[in-house]
Amino acid sequence: PHFMIELPDREDALCFNINDKPGTIFNLVRDPTSGILVNGQTIGDKKTPPDGKINTYFWRFGIVHKTLGVRLDVSTEDIWVLQDGKQVKLLWSDTAGLKGPNVDLLLTKDRSLTVTLRDSVKFVILLHKVWKRHPYHRDYLGFYTLDSHLLSPSVHGLLGQFYHGIEYEVSDLRPGEVPEKPDATMFVKGQELNVTRGWQRDFRRDVKNGENVPCWFIHSNGTGLLDGDFTDYIVSGLF
Amino acid sequence: ARSLQKRSTNELTVEVYSVTVDCTVTSRFAHTVMTSKALNRANRSQEIFFEVELPKTAFITNFSMEIDGEVYVGEVKEKEKAKKQYEKAVSSGQTAGLVKASGRKMEKFSVSVNIAAKSNVTFVLTYEELLQRKLGQYEILTRVKPKQPVQEFKIVTNIYEPQGIAFVNTHANFLTNELLPLVEKTVTDKKAHISFSPTLEQQRKCQGCDETIIEGDFIIKYDVNRAQGLGDIHIVNGYFVHFFAPPDLPRVPKNVVFVIDRSGSMSGHKMHQTREALQAILKDLHEEDHFALVAFDNSIEVWRESLTKATKENLSEASRYVSNIHSRGSTNINDAMMRGVRMLIEDREEKKLPERSIDMILLLTDGNPDGGKASLPVIQKNVRTATGGNMTVFCLGFGNDVDYPFLDVMSRENKGLARRIFEGSDATVQLQGFYEEVSSPLLLEVDLRYPDNAVDFLTTNHFNQLFNGSEIVVAGRLTDNDLDNFLVEVYGQGFEEDFNVQGQASAVDWDVIYPGEEYIFGDFTERLWAYLTIQQLLDKSKTGATDEKANATAKALDMALLYSFVTPLTSMVVTKPKTEDGTESPLIADKLTEEQRQLAERMSHRYVPTRAHYPVMNYLPPTHFVDGD
Chain A
944 PHFMIELPDR EDALCFNIND KPGTIFNLVR DPTSGILVNG QTIGDKKTPP
994 DGKINTYFWR FGIVHKTLGV RLDVSTEDIW VLQDGKQVKL LWSDTAGLKG
1044 PNVDLLLTKD RSLTVTLRDS VKFVILLHKV WKRHPYHRDY LGFYTLDSHL
1094 LSPSVHGLLG QFYHGIEYEV SDLRPGEVPE KPDATMFVKG QELNVTRGWQ
1144 RDFRRDVKNG ENVPCWFIHS NGTGLLDGDF TDYIVSGLF
Chain B
214 ARSLQKRSTN ELTVEVYSVT VDCTVTSRFA HTVMTSKALN RANRSQEIFF
264 EVELPKTAFI TNFSMEIDGE VYVGEVKEKE KAKKQYEKAV SSGQTAGLVK
314 ASGRKMEKFS VSVNIAAKSN VTFVLTYEEL LQRKLGQYEI LTRVKPKQPV
364 QEFKIVTNIY EPQGIAFVNT HANFLTNELL PLVEKTVTDK KAHISFSPTL
414 EQQRKCQGCD ETIIEGDFII KYDVNRAQGL GDIHIVNGYF VHFFAPPDLP
464 RVPKNVVFVI DRSGSMSGHK MHQTREALQA ILKDLHEEDH FALVAFDNSI
514 EVWRESLTKA TKENLSEASR YVSNIHSRGS TNINDAMMRG VRMLIEDREE
564 KKLPERSIDM ILLLTDGNPD GGKASLPVIQ KNVRTATGGN MTVFCLGFGN
614 DVDYPFLDVM SRENKGLARR IFEGSDATVQ LQGFYEEVSS PLLLEVDLRY
664 PDNAVDFLTT NHFNQLFNGS EIVVAGRLTD NDLDNFLVEV YGQGFEEDFN
714 VQGQASAVDW DVIYPGEEYI FGDFTERLWA YLTIQQLLDK SKTGATDEKA
764 NATAKALDMA LLYSFVTPLT SMVVTKPKTE DGTESPLIAD KLTEEQRQLA
814 ERMSHRYVPT RAHYPVMNYL PPTHFVDGD
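Residue numbers (this note's numbering), protein chains in the order written: chain A, 944 to 1182; chain B, 214 to 842.
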């Protein structure tokens, strides 16, 4: 999956990819103060594409808000919502709106699920539907944080650690391997990283084609940008 | 006197170091990416131009500029809304139109951008089109005009046709004997690869000079193998496309009335070319065809009172009549058309014409009606009422002064089509070419039927005629994404008997046909469907009741925005980087209508669409996200 950290104050963005074995579960957001946890499990292509690169994508997210007693299990197949002991199943083929005391859901048929958890976080999960006979790809999901300003300063995770911004400097712009993608040196978290200017896609407005967002790409699974190593974010279960 | 040597003003301070044209055709749907990379060698900033030509049947789908790592991407917007939003820029003249008419088949896309000293710029233009089968072949036309020899120059085309490729021919008007061997062509059963990539030295006009011989059209023509019966159906990613053009069908005899404008404005060259073309067309008539000649100015004159069988004797008499048509008077299109329609109706009633035959009127005119009934809507209505949907009207509009939209609507309302004939020495050939395209109907009232519960969003599936050398294309979406087979039926009226075939269409396994390459096909079929739907909606937006027109326009607009096609209803807005004084000038790519192209030609290439816009970016709130790419 590709990760994008948008920094509107600097009119810039950072991005990195994490590719590990299909089936790995990563922690994306963890806020012990508010009791929020978002984990995602990856899935791989059906077989190795001609370029030999095995890509992984998220196909299932587990979201828990302990304080509010809300638990969501969102996969490419279906959506389970558990609140106060009651369980509701939604299908991606539905269009639905659920308004509860602690959680609001807006499901757009075959496209997106917008989730608002009271006084904490708002996010949208996009469904990327792939033709079932596609030789390589399968259906997968995207996770976009829309509002995170109410989360505590201790929020962490692959995405969560960036919710309160990040300090970095970029210098020494130079030609890269590809003329369209110059390299540069980034000073971040006390380290010097070789980064490459590129772009990744935001699919919120156009789920099919996406829109390019220019960003500084951090190589080697985000090493240097992330606190610790990407393997530190691997967890054993979805919840 | 001292001889002063003038310093060269043509010093090359801009180096275009890469020009590539990459075209992929899958099931007739062509996706072309033109990329140009340049370097400003100068010690000062300067304007760099990107000018390319694309077929007028194509829709631009993307344009981007990358300047020193910063990418400026085009965004497709509703033309009318954008116009209002950019009014400020319009009034201050800060923008420039990007698309101009260029010749008969092409449109020119041009943009310029100010580049800092020693900086690079990369322009990427993408366009898409559904190739039309005409006279038994498809044509991919690429026009190239690099201003200087280029380090990396490449035209690469890959054609994927699961039906199998019957032939591929390549030619270019700049190919010398030395360059000819550089065109590499590999054709296997279902794939063709054509590439042309001369070195810097091979591009030079002369040794050591900076002029290039690469200038002109690079044309690839090909056809696919045709299956008997149902035709070919490709199902990919939940969308299907059905190509129908069975081989070996007998042609249906036709009854054609030639309605010939001999008004004063046709005098000279045009009249001469019309006579020549008619002589040639007469020679092409088959003996089982019937024909009539109606010449008109402000008065109407018929060669014979009713249609005549195309025997040798009759044709040679007709030829003598044609050679004596001379220009005079004004233009009474209404009464001439009424006369032609009446002849067909009367002859039908009197059973002078074969029962299974097609009735058509071919109007050839160069101007606006100014005699008899001059109101255009009235003439259109009269013709529509008179034909009663029982005959086809084809119109040939000669030259730049013809009222093309009038002819276009009149033809469409009567199952036919209009074509502009461009003034030039080859007008005779153009006239003949058009006639050839439409003169051999193979089937009438062709219906392509699919199960209602399995498909939706079908493009037009009823066609008045199938012409020899052409092809019927229908596309749609499968409502059941899991469907691998569905029943298809084709019905049409043939010459001696009806054509009726039923069969099961199944998804081909692209993985098997193109092992290792199927990755590229992605959403080709869906985009083909979208392209075809938009084209048909744009056509519908010109004819029919007012609310139907509005409905078709609205739908076409929605789809053009959704699929990012630059159509006559949408514009592509690109924000140029700020100049040193801090001003920002947006650029617009529009799609010309036939009327605008005609206007452009009337203005002798002085025409620039001057619609100017400020860019509007609907920013989404910034986010941290994770997704697939």
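From the three backbone atoms N, C-alpha and C, an ideal C-beta is built for every residue, glycine too.
Simplified DSSP assignment, three categories, for G983 of chain A: strand
Given 8 Å, three or more beta-carbon pairs between the region 553-566 of chain B and the region 597-606 of chain B: Touching, yes, given that three or more Cβ pairs across the two stretches are closer than 8 Å.
Boundaries (first-last residue) of the beta strand (DSSP E) holding M573 of chain B: In the DSSP assignment, M573 of chain B falls within the unbroken beta strand (DSSP E) covering I571 to T578.
Short-range partners of chain B found in the region 1124-1142 of chain A, where Cβ spacing is below 7 Å: P1125, R1140 and W1142
Whole alpha helix (DSSP H) elements within the region 657-704 of chain B, 4-residue minimum: Counting whole runs of 4 or more residues, the region 657-704 of chain B contains no alpha helix (DSSP H) stretch at all.
Distance between P466 of chain B and V369 of chain B (C-alpha atoms, nearest Å): 43 Å
Exposure of R346 of chain B, with buried meaning 16 or more beta-carbon neighbours within 10 Å: buried
Within 8 Å, strictly: CB atoms of A549 of chain B and V507 of chain B: yes
Per DSSP, cross-strand counterpart(s) of I273 of chain B: B:Y340 and B:V779
Nearest-angstrom Cα separation, counted from S1055 of chain A out to W1035 of chain A: Distance between the alpha carbons of W1035 of chain A and S1055 of chain A is about 8 Å.
Cβ shell of T915 of chain A (< 6 Å), same chain only, five flanking positions each side left out: This structure cannot speak to residue 915 of chain A, because chain A is shown only from 944 to 1182.
E1135 of chain A - DSSP class collapsed to helix/strand/coil: Three-state result, E1135 of chain A: strand.
Which of helix, strand or coil DSSP assigns to E559 of chain B: helix
Contacts that H1071 of chain A makes with chain B (C-beta to C-beta distance below 9 Å): D840 and G841
Contact with chain A by T333 of chain B, beta-carbon distance below 8 Å: Here residue 333 of chain B is Asn; the residue named in the question, Thr, does not match the sequence. It does; some Cβ of chain A falls within 8 Å.
Beta-carbon separation (whole angstroms), L1089 of chain A vs K1065 of chain A, contact threshold 8 Å: 4 Å
Rounded separation between T239 of chain B and T245 of chain B - CA only: In this model, T239 of chain B and T245 of chain B are separated by some 11 Å (Cα to Cα).
Minimum C-alpha distance to T544 of chain B - residue among B:I473, B:S258, B:A802 and B:S519: The option with the nearest alpha carbon to T544 of chain B is B:I473.
From B:T692, B:N468, B:I261 and B:G841, residue whose alpha carbon lies closest to that of I571 of chain B: That would be B:N468, whose Cα lies nearest to the Cα of I571 of chain B.
Proximal residues to T673 of chain B (C-beta, below 8 Å), its chain only, five neighbours per side dropped: V687 and Q749
Span of the alpha helix (DSSP H) around H482 of chain B: H482 to D497
Spatial distance of M947 of chain A from C1158 of chain A (CA atoms): 8 Å
T759 of chain B - DSSP class collapsed to helix/strand/coil: helix
Status (buried if at least 16 other CB within 10 Å, exposed otherwise) for H539 of chain B: Around the Cβ of H539 of chain B, a 10 Å sphere holds fewer than 16 other Cβ atoms; the residue is exposed.
T1174 of chain A (DSSP reduced to helix, strand or coil): Note: T1174 of chain A maps to helix in three-state DSSP.
Inter-residue spacing [alpha-carbon to alpha-carbon] between F504 of chain B and G646 of chain B: Looking at the two C-alpha atoms, the distance is approximately 18 Å.
Residues that E283 of chain B contacts on chain A, provided the C-beta gap is smaller than 8 Å: P1157
Beta bridge counterpart(s) of T1019 of chain A as assigned by DSSP: BP columns for T1019 of chain A are empty, so no partner.
Within chain B, the residues that P965 of chain A reaches when beta carbons sit closer than 7 Å: Near P965 of chain A there are no residues of chain B at all, since even the closest Cβ is about 13 Å away, more than 7 Å.
Residue burial classification, V1031 of chain A (beta-carbon count within 10 angstroms, cutoff 16): exposed
Contacts around D560 of chain B, its chain only, beta-carbon distance under 8 Å, and the 5 residues preceding and following it disregarded: N468, H503, S519, L520 and L566
Under 8 Å by beta carbon: chain B residues contacting T1174 of chain A: Residues of chain B passing the Cβ test: none, with the nearest at roughly 17 Å.
Contacts around F380 of chain B, its chain only, beta-carbon distance under 7 Å, and the 5 residues preceding and following it disregarded: Y435 and D436
Any chain B beta carbon closer than 8 Å to P944 of chain A: P944 of chain A counts as touching chain B.
Closest Cα partner of T1038 of chain A within the set A:P1044, A:L1049, A:G1028 and A:K1029: Here the closest residue by C-alpha is A:L1049.
Beta-carbon neighbours of E279 of chain B, restricted to chain A and to distances below 8 Å: Under the 8 Å cutoff, chain A gives E1123.
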